[in-house]
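Just so we're aligned, residue 146 is where the sequence shown starts under this note's numbering, counting upward by one.
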Amino acid sequence: MEIDKAIRECDDRRLKTKYNNAIYVIKRALALYPVQEVALSFNGGKDSTVLLHLLRAGCFLHQAEEFNSEGDAADGGKTFPIRTIYFESPSAFPEINSFTYEAASIYDIQMDIIRLDFKSGLEALLKANPIRAIFLGVRIGDPTAVGQEQFSPSSPGWPPFMRVNPILDWSYRDVWAFLLVSTVRYCSLYDQGYTSIGSIHDTVPNALLSTRNSDSSEEKFKPAYLLADGRLERAGRAKKNSSVVCGKLSSTSNGLKMENLNSGSMLTASIITVGDEILFGTVEDKLGSVLCKKIHSIGWAVSRVTVTRNDIDSVAEEVERQKSRDDMVFIYGGIGPLHSDVTVAGVAKAFGVRMAPDEEFEEHLRHLIGEKCSGDKNEMALLPEGITELLHHEQLPVPLIKCHNVIILTATNAVELDRQWDCLVELAKSNGILELMDPFVSKCFATTLSDVEVAQPLSKLCAQFPDLYIGGYRESREGPLIITFEGKDLSRIEAASQSLCQKFHPGAFSKIK
């Protein structure tokens with residue numbers, strides 16, 4: 146069979162592994178269900194095209210094993226034995242329709258054309274036909290892939306059938322590797338710069354493939370398989386939201402829009418700690434205060450430090466709140482020493498994007514923890530699609546993750562945080578992921594005065610010097626009151642501290658830092 150032969154003779158080890166896993170799922174499904182009771186949902190796109198040819202190969206291999214021969218019973222190249230469902234829509238691209246009917250003719254496909262919505266069409270089809278399992282070209286990161294496995298029963302409220310997902314763990318790169326190695330036909334739109342095809346109302350060529358000549362006003366596009374970053378597969382889908390994120394970020398940027406920031410203004414950051422164990426008091430968060438000092442050391446102000454539960458919705462809610470208030474959000478916690486999949490999924494939800502496999506990050510994980518991260522166990526290699534920037538440094542075993550103005554740290558202790566922070570500062574000097582500003586300066590004074598005596602003068606001082614951070618604390622109830630002054634201008638700190646000291650008798654305050 147030409148598909149099986151092409152894959153087995155190629156040099157792409159990753160593709161061979163993906164192919165073998167998918168064929169195993171197909172053969173398992175065909176062993177569980179008679180071929181008359183399975184169907185393929187085909188939509189003319191690249192994923193379902195891959196699945197069509199995987200099914201051709203899978204049926205051939207299944208029949209060859211079943212009949213132990215290579216006679217007509219195992220000739221998977223002439224007739225496609227699986228019923229195929231095509232939901233024809235008036236908003237579909239004409240090229241998609243043409244390719245679908247062309248494929249049906251070439252491979253002698255039994256095709257049911259349905260002109261209803263997906264759910265109603267399935268209900269009508271399943272009433273007339275005893276279909277128990279449907280092959281779907283769903284990949285991890287697709288909106289419909291949430292919670293699915295290679296075999297997943299249909300959702301409540303839907304007609305009962307088994308969803309079979311042979312390419313669930315395939316990436317954008319895997320899909321194109323298969324199509325090119327197999328030399329099979331695919332929809333012509335992919336050669337015109339389309340990388341993910343929806344309807345005619347929400348799909349345009351991917352701008353990342355544009356090759357507009359400066360001498361010509363005509364815009365041309367490279368084919369889809371030349372897209373370097375598969376995470377940007379859906380960049381050609383029309384966005385409902387504005388290109389400005391949180392008033393600070395462009396949809397095409399992956400950090401701060403520095404041209405809109407006054408270099409002399411105060412940049413603010415917030416810190417989010419993720420962990421039920423902290424909220425339950427099981428462990429103490431020792432990184433928050435250390436991170437605050439490091440953020441102050443590059444001249445940024447910390448506006449708030451919060452602790453949230455270790456679930457996707459809680460993380461998403463907190464990130465959504467902080468990313469719109471502050472110039473940068475640092476988040477850590479969950480499961481270490483790698484990033485937490487819950488934390489990353491929460492960040493993705495906060496930005497309204499899906500999780501998708503990242504081949505580059507998967508390679509780093511494989512190098513770190515071996516083959517355990519591959520196949521159906523590569524959840525840790527799922528990153529927010531289209532907004533993720535991997536921050537590489539030779540001192541980091543795996544890159545840090547930056548999604549617009551959110552940086553995900555993986556440190557579990559102060560030593561790891563020191564290393565990651567030093568790497569971030571080095572990267573900031575070379576590529577501007579953070580604006581490095583003059584650090585905060587501070588002065589601290591100790592006094593034996595009571596809180597009541599100091600409270601009103603301090604309150605007036607805060608109003609008089611709004612550019613300074615003035616605070617007070619006691620390490621114990623019986624210990625001295627520590628007054629802190631922090632800011633960017635040392636002369637202002639000197640003026641504020643002198644003003645406070647003059648309100649009391651000489652020697653009431655002693656400088657400790």
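Ideal placement from N, C-alpha and C gives every residue a C-beta, glycine not left out.
What does the alpha-carbon distance come out to for the pair residue i and residue j?
{"i": "residue 163", "j": "residue 234", "result": "31 Å"}
{"i": "residue 319", "j": "residue 182", "result": "29 Å"}
{"i": "residue 160", "j": "residue 198", "result": "14 Å"}
{"i": "residue 629", "j": "residue 608", "result": "15 Å"}
{"i": "residue 206", "j": "residue 511", "result": "31 Å"}
{"i": "residue 486", "j": "residue 250", "result": "44 Å"}
{"i": "residue 192", "j": "residue 535", "result": "26 Å"}
{"i": "residue 541", "j": "residue 559", "result": "15 Å"}
{"i": "residue 184", "j": "residue 431", "result": "55 Å"}
{"i": "residue 267", "j": "residue 460", "result": "36 Å"}
{"i": "residue 151", "j": "residue 158", "result": "13 Å"}
{"i": "residue 715", "j": "residue 502", "result": "For the chain, the structure presents residues 146 to 658; residue 715 sits outside this window and is missing."}
{"i": "residue 180", "j": "residue 231", "result": "18 Å"}
{"i": "residue 588", "j": "residue 576", "result": "33 Å"}
{"i": "residue 640", "j": "residue 610", "result": "9 Å"}
{"i": "residue 646", "j": "residue 656", "result": "11 Å"}
{"i": "residue 548", "j": "residue 529", "result": "8 Å"}
{"i": "residue 224", "j": "residue 264", "result": "28 Å"}
{"i": "residue 590", "j": "residue 658", "result": "7 Å"}
{"i": "residue 433", "j": "residue 499", "result": "29 Å"}
{"i": "residue 601", "j": "residue 556", "result": "41 Å"}
{"i": "residue 289", "j": "residue 302", "result": "15 Å"}
{"i": "residue 441", "j": "residue 631", "result": "10 Å"}
{"i": "residue 156", "j": "residue 149", "result": "14 Å"}
{"i": "residue 321", "j": "residue 370", "result": "6 Å"}
{"i": "residue 363", "j": "residue 345", "result": "21 Å"}
{"i": "residue 424", "j": "residue 458", "result": "16 Å"}
{"i": "residue 177", "j": "residue 209", "result": "17 Å"}
{"i": "residue 261", "j": "residue 173", "result": "31 Å"}
{"i": "residue 226", "j": "residue 567", "result": "60 Å"}
I'd like to know whether the C-beta atoms of residue i and residue j end up nearer to each other than 9 Å.
{"i": "residue 372", "j": "residue 317", "result": "yes"}
{"i": "residue 278", "j": "residue 307", "result": "yes"}
{"i": "residue 464", "j": "residue 492", "result": "yes"}
{"i": "residue 312", "j": "residue 284", "result": "yes"}
{"i": "residue 543", "j": "residue 513", "result": "yes"}
{"i": "residue 635", "j": "residue 570", "result": "no"}
{"i": "residue 305", "j": "residue 297", "result": "no"}
{"i": "residue 554", "j": "residue 592", "result": "no"}
{"i": "residue 532", "j": "residue 476", "result": "no"}
{"i": "residue 293", "j": "residue 310", "result": "yes"}
{"i": "residue 455", "j": "residue 478", "result": "yes"}
{"i": "residue 659", "j": "residue 167", "result": "The requested residue 659 is not part of the displayed model; the chain covers only 146 to 658."}
{"i": "residue 276", "j": "residue 228", "result": "yes"}
{"i": "residue 580", "j": "residue 375", "result": "no"}
{"i": "residue 466", "j": "residue 448", "result": "no"}
I think residue i touches residue j, with their Cβ atoms under 8 Å apart; what is that distance to the nearest whole Å?
{"i": "residue 241", "j": "residue 248", "result": "In fact, because the Cβ distance is near 11 Å, the residues do not count as touching under 8 Å."}
{"i": "residue 495", "j": "residue 468", "result": "7 Å"}
{"i": "residue 356", "j": "residue 381", "result": "Not confirmed; about 15 Å, so no contact."}
{"i": "residue 583", "j": "residue 444", "result": "5 Å"}
{"i": "residue 259", "j": "residue 271", "result": "With 8 Å as the limit, residue 259 and residue 271 do not qualify as a contact, their Cβ atoms being about 11 Å apart."}
{"i": "residue 606", "j": "residue 644", "result": "6 Å"}
Going by CA-CA distance only, name the one from the options that's closest to residue i.
{"i": "residue 597", "options": "585, 617, 587 and 229", "result": "617"}
{"i": "residue 413", "options": "601, 446 and 434", "result": "446"}
{"i": "residue 546", "options": "557, 560 and 527", "result": "527"}
{"i": "residue 578", "options": "472, 273, 349 and 186", "result": "472"}
{"i": "residue 564", "options": "576, 538 and 583", "result": "538"}
{"i": "residue 436", "options": "334, 562 and 428", "result": "562"}
{"i": "residue 659", "options": "343, 296 and 327", "result": "Look at the range of the chain in this structure, 146 to 658, and you will see that residue 659 is not part of it."}
{"i": "residue 378", "options": "289, 363 and 342", "result": "342"}
{"i": "residue 334", "options": "367, 429 and 310", "result": "367"}
{"i": "residue 323", "options": "195, 530 and 424", "result": "195"}
{"i": "residue 244", "options": "449, 276 and 187", "result": "187"}
{"i": "residue 642", "options": "619, 613, 428 and 623", "result": "613"}
{"i": "residue 648", "options": "637, 599 and 619", "result": "599"}
{"i": "residue 633", "options": "421, 470 and 411", "result": "411"}
{"i": "residue 419", "options": "462, 439 and 448", "result": "462"}
{"i": "residue 200", "options": "325, 281, 345 and 457", "result": "281"}
{"i": "residue 211", "options": "238, 239, 175 and 246", "result": "175"}
Of all Cβ atoms in chain D, is any one closer than 9 Å to the Cβ of residue i?
{"i": "residue 583", "result": "This model lacks chain D altogether; it includes just one protein chain."}
What ranges does the beta strand (DSSP E) occupy inside the segment 533 to 588, keeping only unbroken runs of at least 3 residues that lie completely in it? Annotation: the segment 533 to 588 contains the following complete segments of the beta strand (DSSP E) (minimum length 3 residues), in chain order: 533 to 536, 545 to 548 and 551 to 553.
* Every unbroken alpha helix (DSSP H) inside the segment 159 to 223 [4 residues or more] -> Correct list: 191 to 212.
Enumerate, from N- to C-terminal direction, the unbroken beta strand (DSSP E) stretches of 3 or more residues contained entirely within the segment 242 to 273. 254 to 259
Within the segment 269 to 357, ranges of the beta strand (DSSP E) (whole runs, at least 3 residues): 278 to 280, 296 to 298 and 307 to 309
Threshold first: 3 residues or longer. Then list the beta strand (DSSP E) segments lying entirely within the segment 435 to 461, N to C.
446 to 453
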